[in-house]
Amino acid sequence: MTKVKMLVQSTYNGQLLREGRVYEVPAETAERWQVSKIAEIIQED
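Numbering (our numbering), first residue to last: 1 to 45.
Printed below as a string of structure tokens:
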């Protein structure tokens, strides 16, 4: 699982994801969203 910060409001698996909030999604989904500028991946140290 990868943490992402949403850049837009969207729905995922029937759940509302709000702009500006952080959510955990599968890594493959996170990468796809980042390319599409839907969300940005949060790098953890």
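C-beta: ideal position from N, C-alpha, C; glycine also.
Here the structure is a predicted model, which means the values were calculated and not measured.
Same chain only: Cβ atoms within 7 Å of residue i, ignoring 5 sequence neighbours per side
{"i": "ARG21", "result": "MET6"}
{"i": "ILE42", "result": "LYS3, VAL4, LYS5, VAL22"}
{"i": "LYS37", "result": "LEU7"}
{"i": "GLU40", "result": "VAL4, LYS5, LEU7, GLN34"}
Rounded separation between residue i and residue j - CA only
{"i": "THR11", "j": "GLU44", "result": "24 Å"}
{"i": "LEU16", "j": "GLN9", "result": "7 Å"}
{"i": "THR29", "j": "GLY14", "result": "15 Å"}
{"i": "ALA27", "j": "GLU19", "result": "19 Å"}
DSSP-derived helix/strand/coil call for residue i
{"i": "VAL35", "result": "helix"}
{"i": "GLU28", "result": "helix"}
{"i": "VAL8", "result": "coil"}
Rounded Cβ spacing between residue i and residue j (contact assumed at less than 8 Å)
{"i": "MET1", "j": "VAL25", "result": "7 Å"}
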